[in-house]
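What follows is one structure encoded as structure tokens, with my remarks underneath.
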Amino acid sequence: MPSAPSAHRLGDIAAHVRGELLGDPGLLVHGLNGLEEAASGDVSFYGNPRYRKQFEATRASAVLVGMDTQARDGVALVRVHNPHLAYAKLLALFHPATRPEAGIHPSAHVHPSAVIHPEATVRAGAVVEKGAHVGARSVLHPGAYVGEDARVGDDCVLYPHATVRERCVVGSRVILHASSVVGADGFGFAFNAEGEDGPEHFKIPQVGIVRIEDDVEVGACTCIDRATVGETVVGRGTKLDNLVQIAHNVRVGPLSLICAQAGVSGSAEVGTGVVLAGQVGVVGHIRVGDLAKVGAQSGVAHDVADGQIVSGSPAIPHRDWLRASAASGQMADLLKEVRALRRRVETLEKEKGG
Amino acid sequence: MPSAPSAHRLGDIAAHVRGELLGDPGLLVHGLNGLEEAASGDVSFYGNPRYRKQFEATRASAVLVGMDTQARDGVALVRVHNPHLAYAKLLALFHPATRPEAGIHPSAHVHPSAVIHPEATVRAGAVVEKGAHVGARSVLHPGAYVGEDARVGDDCVLYPHATVRERCVVGSRVILHASSVVGADGFGFAFNAEGEDGPEHFKIPQVGIVRIEDDVEVGACTCIDRATVGETVVGRGTKLDNLVQIAHNVRVGPLSLICAQAGVSGSAEVGTGVVLAGQVGVVGHIRVGDLAKVGAQSGVAHDVADGQIVSGSPAIPHRDWLRASAASGQMADLLKEVRALRRRVETLEKEKGG
Amino acid sequence: MPSAPSAHRLGDIAAHVRGELLGDPGLLVHGLNGLEEAASGDVSFYGNPRYRKQFEATRASAVLVGMDTQARDGVALVRVHNPHLAYAKLLALFHPATRPEAGIHPSAHVHPSAVIHPEATVRAGAVVEKGAHVGARSVLHPGAYVGEDARVGDDCVLYPHATVRERCVVGSRVILHASSVVGADGFGFAFNAEGEDGPEHFKIPQVGIVRIEDDVEVGACTCIDRATVGETVVGRGTKLDNLVQIAHNVRVGPLSLICAQAGVSGSAEVGTGVVLAGQVGVVGHIRVGDLAKVGAQSGVAHDVADGQIVSGSPAIPHRDWLRASAASGQMADLLKEVRALRRRVETLEKEKGG
């Protein structure tokens, strides 16, 4: 949980982000904000030439900029290689994360056989079941749930009502946002035309687990289903936004970004450093290659090669999709044009015959 | 929570909705229902000529109708300006909302520094953190969570497992449905190719808040992320359906309706009185103008002007989309037609050359 | 909750699934796994010729196969009519479900007027309100909530933070996954231009209920809204995946499958044995007929006939959609072609006139 902001001198700020300061190192800075919202006493950042106007008009006292930005009157600059990253680091400097005191709240329900690290925090009403482990400095907020024999590593945060079902494994420095669900049963049924009470979808027991590697973030109300057999895996450093669905036996590689309301179907594989934009759907049993990017609302029905950019439903190479999107607006005109051509050809044919 | 229905005389009903009664004011009415489902003793409503048949066949004892509907044998009519609204008001009359007794349940966890209005209700297992405020007549159902320094106004209802994270501000008469999440971290990362342990998505601390104005309703499992810096805002009287995603720094104006499973990306602005239909996606940093309407499953990639109606993914003016949708069904035929034309032109060209 | 695996002899396995064994009945089998993942000592299954290669390369000791599969060296076969179903039954045999001890945990909150079957389990922090019923052998996991006068049948499982709101009715053998919400208010408002404080969306009280029939499974974070008046119904044996939205007054028939992130709008009807693939949207007040299938991400805007297969947004017959999808990729080429044809026709016209 980030705390209220503190104040820092510009010289210290430049040092913190290893930047080159063009301005008064003694200037006291109180906060951070976007170029448009920033006021005097604030630091902002300018990393995209698209926002040149906002940069020129900003009231910020200092701006984090790229290495080639020229000095400007009336505003201090801190030149860095990656202004966006430097801004993120300053936000962390100004709002150092706080952690509730270690210990188990008397109203938490911790099974005697569970192992809670003495530096961990288990807050009011949180539940840790039989045989579960919770690592050092991890925080279980009120209502968080860690199931039987599940393991949560060090320095994790489970926000209210986050659920980790039995036997699932969560690495270190993982954040599970409120009402996220790790390890619900995969959606697997075998149709049985001759059940005892007539036809039925016979439930396939989902006996596998979910394994979440280190440094993963799981958004609010995001669901990661346990494997039928084996593991559903979310790789190191991957970030899932809110309301995302990861089905059973999916494997997501490290460092991928899956945006809100996207869904990945059973046994699909998402590679390393992939970006799935919002509301994307990926069908089961296919592979989205490393560093691939999938445009918002796209439906991926076939393998995507490493590095490929695709869009559309069904998804096609992004360039083709752009062409097709542009063309589809011309469809009605095209219909007219073809009808007109047909008439002209008919006229030519008649005249020739006449 | 609405209670079981009571019974009312038709004269009182007409007075309650300020309608003109064509029928017996002493008739006792027991319930309300749709035209098809209503039985004798029920009131129904008829506001859309599309349902003329159902109106003519209804077994309801009385029907709320528009001002120009003619009297009909065997059924009492109550003429009003807005039959749908009148029906809603009667539902509220027949099922007056009840509220649990004020007070803090012994198993609730309320920090000593939190301020709970004496007329508020904090039920079993609900949590109110340090410095938080809960206003008069507000009800926190079991498992509801109000974070540090957060504020919940008067007459709010937080259903089970609703979460309001630290410092967020909720107005009065706000309803947060079960497992909704207000103030989870926005999805913000700065790629850092040179992290201590290799490449990483460096987490940008999300130090802003969510501000929900008065009379807002937030659906079950709907997520509204806190701003990176500043505020994510949902305006007065706006209603969000279930499973909606509102990203960080979004601003939704007053009186908008956002239907289930729609998502609004970071820093986008949604105006006043906007309707986003189900499963719509809005990309970041754009504006959907006042009174605009966006069709179901559309993907809004650019600004939408005030009052505009758009559909499709990417979204285009609704009329163009209707034309394009109709045309796309003809695409295969068009391909054939063009191939045939080409052959005919080739024939003409050969003959000319021959 | 499935337990850790046990070991079984192949003869017993064949008997359990009523299969014909080609192999050593005394062989001890320790686990189950997919064809590719299976190791020596495992049983796998092969039901789809698409996986012939994996079948031929598997290291499993035994494989469940169809009745016409030929014997193979080095691997025992168990011939059955439905290998997938037999595999599911073996998973249940190897991982028999366990149930926590019956009884009410001292930290659960059960109203004195609630009726809890003595064989039911109410775990830590679960809540059962006034007048609610919980049937035999049902398990309410920590944080599960059963509202006033609601009824939960026999042999149900409510995972952590599952919510059943007041008066809703849940049948027997129903599974509600974590953070699912049964009975939140439907999304119903009547616009009132002349509210006391200006224009408003007047809330239509949602006084109906949700009725969930026997053998239904409701995914994590799935929301089923209560009816405005009457019932929202999910029929016997229907399975809902995660993050699904079922709006007020929807009726879903028996034995349907609704995949993740799909949504069904108000008063729509979904028949018997229907499949809605992932991220499908169904508009309100229409009917999707029995045994119909709707492709992923489709938007159903009109009635779908019994047995029909549709795809696309808006949805059209699946075959037409395949043709249109294929054609849309050719759109840009078609535009070029038509322009070229126009020039050729112009040339012909000029020459004729010349």
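Chains S, F and H supply the protein sequences, listed in that same order. Residues 153 to 506 (this note's numbering) make up the first sequence, in order. Residues 153 to 506 (this note's numbering) make up the second sequence, in order. Residues 153 to 506 (this note's numbering) make up the third sequence, in order. Think of the CB as a built atom: it goes at the ideal place given N, C-alpha and C, for glycine as much as any other residue. Keep in mind that this is a model prediction, so the values were computed, not measured.
Close Cβ partners of residue i (< 6 Å) along its chain, the five nearest in sequence each way excluded
i: S:V362; result: C320, V334, G335, I376, R378, T384
i: H:S265; result: K282, G283
i: H:R439; result: E421, D455
i: H:A314; result: A296, L328, S332
i: H:V426; result: S408, V440, A444
Buried or exposed by the 16-neighbour rule on C-beta atoms within 10 Å, applied to residue i
i: F:R491; result: exposed
i: H:G459; result: exposed
i: F:G350; result: exposed
i: F:Q222; result: exposed
i: S:M219; result: exposed
i: S:R231; result: buried
i: F:D307; result: buried
i: F:A330; result: buried
i: H:E365; result: buried
i: H:F380; result: For the record, residue 380 of chain H in the displayed sequence is Thr; it is not Phe. H:T380 should be labelled buried.
i: F:A457; result: exposed
i: F:L180; result: exposed
i: F:R317; result: buried
i: F:T499; result: exposed
i: H:N200; result: exposed
Min CB distance residue i to chain A below 8 Å
i: F:T315; result: Among the chains of the structure shown, chain A does not appear; the protein chains present are S, F and H.
Boundaries (first-last residue) of the beta strand (DSSP E) holding residue i
i: S:L229; result: 228 to 231
i: S:Y198; result: 194 to 198
i: S:E363; result: One detail in the question is off: residue 363 of chain S reads as Arg in this sequence, not Glu. First-last of the beta strand (DSSP E) with S:R363: 361 to 364.
i: S:A214; result: 214 to 217
i: H:I461; result: 461 to 463
i: S:L179; result: Premise fails: S:L179 is in no beta strand (DSSP E) and is neither H nor E.
i: S:D377; result: 375 to 377
i: H:H168; result: First-last for H:H168: 162 to 168, but that is the alpha helix (DSSP H), not the beta strand (DSSP E).
i: S:E172; result: 172 to 174
i: F:T384; result: 383 to 386
i: S:E352; result: 352 to 355
Collapsed DSSP secondary structure at residue i in the structure displayed
i: F:E346; result: coil
i: F:Q449; result: coil
i: H:L486; result: helix
i: H:D307; result: coil
i: H:F339; result: coil
i: H:K241; result: helix
i: S:L500; result: helix
i: F:H285; result: strand
i: H:L443; result: coil
i: H:R275; result: coil
i: F:R224; result: strand
i: F:A412; result: coil
i: F:A249; result: strand
i: H:L493; result: helix
Residue range of the alpha helix (DSSP H) that includes residue i
i: H:E208; result: 204 to 209
i: S:H257; result: Neither: S:H257 is in no alpha helix (DSSP H) and is coded neither H nor E.
i: S:L474; result: 470 to 480
Same chain only: Cβ atoms within 8 Å of residue i, ignoring 5 sequence neighbours per side
i: F:H353; result: F341, A342, F343, N344
Other residues of its chain near residue i: CB distance less than 7 Å, five sequence neighbours each side excluded
i: S:A190; result: S196, T210, R211, A212
i: H:H470; result: G447, I461, V462, S463
i: F:G277; result: S259, A260, P294, G295
i: F:A159; result: L180, V181, H182
Pair every Cβ in the segment 340 to 350 of chain H with every Cβ in the segment 202 to 221 of chain F, then say whether three or more of these pairs are closer than 8 Å. No, they do not touch.
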